[in-house]
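Peer 1: Each residue of the sequence shown is one higher than the one before, starting from 23 at the first, in the numbering used here. Beta carbons: idealized from backbone N, C-alpha and C, even for Gly. Quick caveat, the model's predicted, so the values are computed rather than measured.
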Amino acid sequence: MQGISLFLSDVAGSEVLLIVLIVLLFFGSKSIPGIAKTLGQALYQIRNASNDLQQEIRKSGQEMKADLNIQSILKETEETLTGPLDQVTTDIDNTIHYGSLPKQVKQQVTAGNPIEAVFEDENTEATEKQINPEA
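1) By Cβ distance, which residues of its chain are closer than 7 Å to residue 117, with the 5 residues on each side in sequence left out?
2) So residue 41 packs on residue 49, CB below 8 Å; how close in whole Å?
3) Have a look at residue 36 and residue 43 and give me their C-alpha separation to the nearest angstrom.
4) Can you give me the Cβ contacts of residue 145 inside the same chain, cut-off strictly under 8 Å, excluding the 5 residues immediately before and after it?
5) How many Å lie between residue 87 and residue 33 at the Cα?
6) Name the two residues that bound the continuous alpha helix (DSSP H) containing residue 73.
7) Can you name the start and end residues of the alpha helix (DSSP H) that residue 36 belongs to?
8) Residue 73 to residue 39, Cα distance in whole Å?
9) Between the alpha carbons of residue 150 and residue 113, how many angstroms are there, rounded?
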């Protein structure tokens, strides 16, 4: 519609009358309704084809966006990278909170005696239990 309105804004009334007279001379008065109908159908088909093309372009863009799914890729990458870092942070926090192991526990571990150390809080010492391999 913009193309037609731009065209008509540049053409004066006398020029439109001259164009109509030339069309009448070449095609005759009987064929003008058929020509107008044909032009109307052609414009309708062009408009529909243009709308279909725009819809296909939008649809393919949405499909490409869904295929890429950038947000899920970023989330997976973030989880992959932050998982080990979270574990290291937890280990450091536990080390800071509970401090180092008591000497007796360290000696038993280096001697090869399996033990289970239970830490209640930072003010109490570790409770040790000898693990019975036969049980």
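Peer 2: A quick look at the data gives this:
1) none
2) Their Cβ separation, rounded to whole angstroms, is 12 Å, which puts residue 41 and residue 49 out of contact at 8 Å.
3) 11 Å
4) Since pLDDT at residue 145 reaches only 46, below the 50 mark, its modelled position is unreliable, and no value is offered.
5) Cα to Cα, residue 87 sits roughly 46 Å from residue 33.
6) 54-90
7) It spans 35-49 - the alpha helix (DSSP H) in which residue 36 sits, taken as one unbroken run.
8) 33 Å
9) Confidence at residue 150 is low in this model, with a pLDDT of 46, below 50, so the placement of that residue is unreliable and no value is reported for it.
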